[in-house]
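So the sequence lines, in the order shown, correspond to chains G and Z. Plus 16 on top of the position in the first sequence (first one is 1) and you've got the working numbering. Plus 4 on top of the position in the second sequence (first one is 1) and you've got the working numbering.
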Amino acid sequence: MPNSPLHDRHVAAGAAFTDFAGWQMPVRYSSDLAEHAAVRTAAGLFDLSHMAEIVVLGAEAGAALDYALAGKLSAIEEGQAKYSLLLAPDGGILDDLVVYRTGPDRFLVVANAANHDVAVRELRERAEGFDCMVEDESDDIALIALQGPLSEEILRNVEGFDAPGLDDLRYYRAIPCTYLDRHGRDHNVLVARTGYTGEDGFEFYLAPDAAPALWDALLETGAGSGLVPAGLAARDTLRLEAGMPLYGHELSTGTFPVQAGLGRVVALKAKEGDFVGRSAVEAGPPAGARVLVGLRSEGKRAGRAGYPVVRGDDVVGEVTSGALSPTLGYPIAMAYLDPGVAEATDLELDVRGSRIAASITALPFYTKPVSRPEGDAHD
Amino acid sequence: MTEPSPDLGYTAEHEWVAVDGDVATIGITAYAAEKLGDVVYVDLPKPGSNVASGKVVGEIESTKSVGELFAPVDGEVVESNQAVVDDPTLVNSDPFGDGWLIKVRFAALPELLSADDYAKLTGE
């Protein structure tokens with residue numbers, strides 16, 4: 017079983033581990049709730065080295081990705097990132113991924129660890145006939161995420177971290193940086209302003225042997241600001257509050273993008289050309305296909321993945337993710353509902369035999385506070 | 005206190021049992037609490053209700069998952085811990101103490117695991 021290059025750090029920090037797609041990853045260090053709260057109020061540090069990284073490079077790399085994925089990846093600029101989908105020919109979702117353009121002819125595709133094999137295989141097959149190469153670099157790239165409102169301040173204070181473009185680094189942009197560790201070794205780091213928590217933050221792509229030094233430096237620099245290491249349990253409740261889908265829960269081979277509210281991700285304009293799954297997506301899902309909604313309820317008991325959503329005597333939907341929201345204090349869930357009840361006001365969750373009223377609410381459940389213009393001292 | 009105490013009995017469902025006369029105080033072990041993560045909701049049987057050994061009598065819910073509370077003995081619930089209902093984090097912070105869940109008056113006590121047996125079961 018592969019371990020993260022940061023495994024020793026997690027053991028030393030007393031982490032509890034979980035098997036995630038064959039990787040032993042930290043599920044929590046001490047408290048899910050404390051780690052969740054740290055990301056909302058200060059910052060948290062995540063090891064995401066299990067994620068799959070696939071590099072597509074060559075003169076036709078962009079064209080190959082336009083065909084392989086459901087978005088117009090050739091249209092993004094160098095230094096830009098785009099969320100996209102890997103579709104099956106029948107329109108189902110094989111994976112959701114983030115693509116970074118890291119050079120004129122080079123793209124970094126980041127896929128879910130659980131879908132590593134299918135993503136590598138499909139990208140290779142679909143890129144055949146294009147002038148490009150597809151390289152699986154999952155074992156050669158580690159990933160650390162620094163997430164939370166104090167992330168930028170912490171990053172700026174890391175000694176040896178040289179990020180000249182940080183001032184202008186917007187959301188879904190990435191810049192190459194260098195990190196000179198305290199042993200005098202220089203490391204290349206791709207710094208992206210991306211994440212999966214609903215907060216400002218950065219993701220760092222770097223060589224596995226560089227990861228421990230950067231991990232230590234970030235934790236040391238941020239300790240006084242409330243930065244803590246955070247596990248996958250907190251990451252799950254954070255992304256749920258932010259209304260972000262998780263593959264295997266909200267997304268699957270049986271889900272069309274439009275059902276998951278991801279129609280905007282799919283490039284369907286006539287001029288945008290063919291891609292795998294296009295004709296199926298154009299034809300649309302079958303009539304009556306369920307749609308993803310957000311639900312909230314009172315009390316403390318949360319609907320969980322697989323729980324039925326009911327209306328009177330009828331099962332009208334199913335929860336895909338749910339938790340007592342740590343930030344909001346009430347239970348939240350994402351669920352697929354029959355389209356006929358997607359505006360109903362009398363829905364209930366069947367929580368292990370008990371009926372609990374649930375109301376449909378717009379996603380995301382949580383939006384980060386807008387930073388206030390300087391000088392505005394009013395509440 | 006997080007180590008299984010030698011003075012308590014244990015079950016394979018990760019409960020501990022402290023016997024005082026004909027009343028058993030029941031909670032979940034530190035091992036179980038740690039596996040669950042932060043407990044956010046506890047549902048316990050009401051005093052006066054009858055419970056049967058091996059049957060689910062309550063729920064312990066964390067942010068990540070739901071754990072069931074099994075009755076380790078047949079008997080009548082004489083008290084349930086309102087402090088834990090009000091503050092479920094007691095299950096994590098003091099599982100063998102203030103985080104106790106219910107007290108049951110019993111007629112006969114089934115065989116329970118010793119601390120050593122329970123430690124073997126959890127591999128710790």
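In this text, a Cβ means the ideal position worked out from N, Cα and C, and glycines have one as well. Just so you know, these numbers come straight off a predicted model, no measurement behind them.
Query: Rounded distance between the beta-carbons of Ser100/G and Gly87/G, thought under 8 Å; Result: 4 Å
Query: Where Gln275/G falls, given that 16 or more other Cβ within 10 Å makes a residue buried; Result: buried
Query: Burial state of Lys68/Z (16 or more Cβ within 10 Å); Result: buried
Query: Gln163/G, enclosing beta strand (DSSP E) - first and last residue; Result: 158-163
Query: Chain Z within 8 Å of Ala32/G, Cβ atoms only; Result: yes
Query: For Thr29/Z, the first and last residue of its enclosing beta strand (DSSP E); Result: 27-32
Query: Min CB distance Glu38/Z to chain G below 8 Å; Result: yes
Query: Local Cβ density within 10 Å of Pro49/Z, reported as buried at 16 or more and exposed below that; Result: buried
Query: Beta-carbon proximity check, His66/G vs Phe33/G, cutoff 8 Å; Result: no
Query: Cutoff 8 Å; reference Val27/Z; Cβ partners in own chain excluding five residues on either side; Result: Val82, Lys107, Val108, Arg109, Phe110
Query: Gly79/Z, DSSP secondary structure in three states; Result: strand
Query: Short-range partners of chain Z found in the segment 43-77 of chain G, where Cβ spacing is below 9 Å; Result: Val43, Arg44, Ser47, Asp48, Leu49, Ala50, His52
Query: Limits of the unbroken beta strand (DSSP E) element including Arg371/G; Result: 370-377
Query: When Asp152/G, Ser154/G, Leu171/G, Asp155/G are compared against Ala161/G, the one with the closest alpha-carbon; Result: Leu171/G
Query: Where Leu234/G falls: helix, strand or coil (DSSP); Result: helix
Query: Helix, strand or coil at Ala396/G [DSSP, three-state]; Result: Only positions 17 to 395 of chain G appear in the structure, and residue 396/G is not among them; the question remains open.
Query: Chain G contact residues for Asp90/Z, given Cβ-Cβ distances below 8 Å; Result: The contacting residues do not exist; Asp90/Z stays about 11 Å from chain G at best.
Query: Given Arg189/G as reference, the closest of Asn173/G, Ala208/G, Asp147/G once Cα atoms are compared; Result: Ala208/G
Query: Tyr158/G versus Leu230/G - alpha carbon distance; Result: One point to set straight first is that residue 158/G is Ala, not Tyr, in the sequence displayed. Their backbone Cα atoms lie some 11 Å apart in a straight line.
Query: Assigned exposure category for Gln163/G - 16 Cβ within 10 Å defines buried; Result: buried
Query: For Thr253/G and Gly319/G, the rounded distance between their alpha carbons; Result: 13 Å
Query: Neighbour list for Asp42/Z in chain G, Cβ cutoff strictly below 7 Å; Result: Ser47, Asp48, Leu49
Query: Buried versus exposed call for Met149/G [16 or more other C-beta atoms within 10 Å across all chains shown]; Result: exposed
Query: When Leu105/Z, Gly127/Z, Pro51/Z, Ala123/Z are compared against Ile32/Z, the one with the closest alpha-carbon; Result: Leu105/Z
Query: Chain-ordered chain G contacts of Tyr1/Z [CB-CB under 7 Å]; Result: Within the shown structure, residues of chain Z are numbered from 5 to 128, placing residue 1/Z beyond reach of any answer.
Query: Neighbour flag for Val70/Z against chain G, beta carbons, 8 Å; Result: yes
Query: Rounded straight-line distance, which links the Cα of Leu363/G to that of Glu65/Z; Result: 23 Å
Query: Which of helix, strand or coil DSSP assigns to Pro114/Z; Result: coil
Query: Buried or exposed by the 16-neighbour rule on C-beta atoms within 10 Å, applied to Arg201/G; Result: exposed
Query: Ser97/Z burial status per 10 Å Cβ neighbour count (16 or more: buried); Result: exposed
Query: Neighbour-count burial assignment, Lys98/G, 16 or more Cβ in a 10 Å radius; Result: buried
Query: Per DSSP, the bridge partner or partners of Gln40/G; Result: Asn19/G, Asp35/G
Query: Beta carbon proximity, Thr377/G to chain Z, threshold 8 Å; Result: no
Query: Per-residue burial, Gly391/G [other beta carbons within 10 Å of its own, 16 or more giving buried]; Result: Because Gly391/G sits at a pLDDT of 42, beneath the cut-off of 50, its placement in the model cannot be relied upon, and the following sentence gives the value as read from the coordinates. By the 10 Å Cβ count, Gly391/G comes out exposed.
Query: Ala249/G at chain Z interface by Cβ criterion, 8 Å; Result: yes
Query: Per-residue DSSP class, three states only, for Leu61/G; Result: strand
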